[in-house]
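Novice: Numbering (the UniProt record's numbering), first residue to last: 1 to 220.
1) With burial defined as no fewer than 16 other Cβ atoms inside 10 Å of the residue's Cβ, what is the status of residue 181: buried or exposed?
2) Is there at least one Cβ from chain B nearer than 8 Å to residue 149's Cβ?
3) Check for me: the beta strand (DSSP E) holding residue 24 runs from which residue to which?
4) What are the boundary residues of the beta strand (DSSP E) that includes residue 193?
5) Any idea if residue 224 is buried or exposed, counting beta-carbon neighbours within 10 angstroms, 16 or more meaning buried?
6) By Cβ distance, which residues of its chain are closer than 8 Å to residue 1, with the 5 residues on each side in sequence left out?
7) Looking at the secondary structure, which residues open and close the beta strand (DSSP E) in which residue 13 lies?
8) Could you tell me the distance, in whole angstroms, from the CA atom of residue 158 to the CA atom of residue 8?
9) Looking at C-beta atoms only, is the number of pairs between the stretch 134-146 and the stretch 72-90 that lie closer than 8 Å three or more?
10) Is it buried or exposed for residue 177, if we count other Cβ within 10 angstroms and need 16 for buried?
11) Could you have a look at residue 204 and say whether DSSP puts it in helix, strand or coil?
12) Would you tell me roughly how many angstroms separate the C-alpha atoms of residue 31 and residue 133, rounded to the nearest one?
13) When the Cβ atoms of the stretch 51-67 are set against those of the stretch 166-177, are three or more pairs found closer than 8 Å?
14) Considering only the beta carbon of each residue, do residue 186 and residue 200 sit closer than 8 Å?
15) Of all the options 207, 149, 81, 163, which has the alpha carbon lying nearest to the alpha carbon of residue 183?
16) For residue 209, which of 14, 47, 220, 3 has the nearest alpha-carbon?
17) So, with DSSP's three-state summary, where would you put residue 137?
18) Classify residue 197: buried if its beta carbon has 16 or more other beta carbons within 10 angstroms, exposed otherwise.
19) Where residue 215 and residue 3 are concerned, what is the direct C-alpha to C-alpha distance, given to the nearest angstrom?
20) From the DSSP output, in three-state form, read off residue 9 for me.
21) Should the stretch 33-40 be called in touch with the stretch 121-128, which here means at least 3 C-beta pairs below 8 Å?
22) For residue 211, is the classification buried or exposed, using 16 other Cβ atoms within 10 angstroms of its Cβ as the cut-off for buried?
23) Where does the unbroken alpha helix (DSSP H) through residue 164 begin, and where does it stop?
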């Protein structure tokens, strides 16, 4: 409790682990809240929680509450899952996919992700998972990073088409991207053109300074 109070003055690191995927992961008290960070960016809670919460608000909490099946690609500490279950009050099935086993262990130990009854947590590569799954989803949240880098496959036609196939009609994709350069901005502009008239695509720039959010609704 003392560390939590002191964290309003300055961040207090309480745990650190090396990771083969993310190099280094840290759990820190920051402004009274436990957050998970990689070496150079926030992975869960903190600013990332605010970013994805805004995305869910853009889609609409009441609409999401009526969904049956949600897929989260890139779980880390699980802040968006906490938002779904605690704020949105989503009672349907959540499948969380995270490649970093160390992040999953931290998520269970410090953020009690294993206490969420409607969550199925899967340690797997996001690309591999979308190839294998036979389910369809009402909401697909894509939040896949390795520190500040986004894997190239997220922006390639094969992955985009596969995710679109897994999405139910009237379902949504919420895609969190990081924009640190003109190249990243150009990449996002190209990504937006990948969707035809069967989709309604909205881009929300400068969410928490360096992030751009896409919401993509499947119309037919």
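Built from N, CA and C at the ideal position, the CB exists for glycine as well. What you are looking at is a predicted structure, and each value in this text was computed from that prediction instead of being measured.
Specialist: Walking through what the data contain:
1) exposed
2) Judged by its chain identifiers, the structure shown contains no chain B, having just a single protein chain.
3) 23-30
4) Taken as a continuous stretch (DSSP letters only), residue 193 belongs to no beta strand (DSSP E), as it is neither H nor E.
5) Because the chain in this structure spans residues 1 to 220, residue 224 falls outside the shown range and cannot be described.
6) none
7) 12-19
8) 45 Å
9) yes
10) buried
11) strand
12) 39 Å
13) yes
14) no
15) 149
16) 47
17) strand
18) exposed
19) 37 Å
20) coil
21) no
22) buried
23) 157-166
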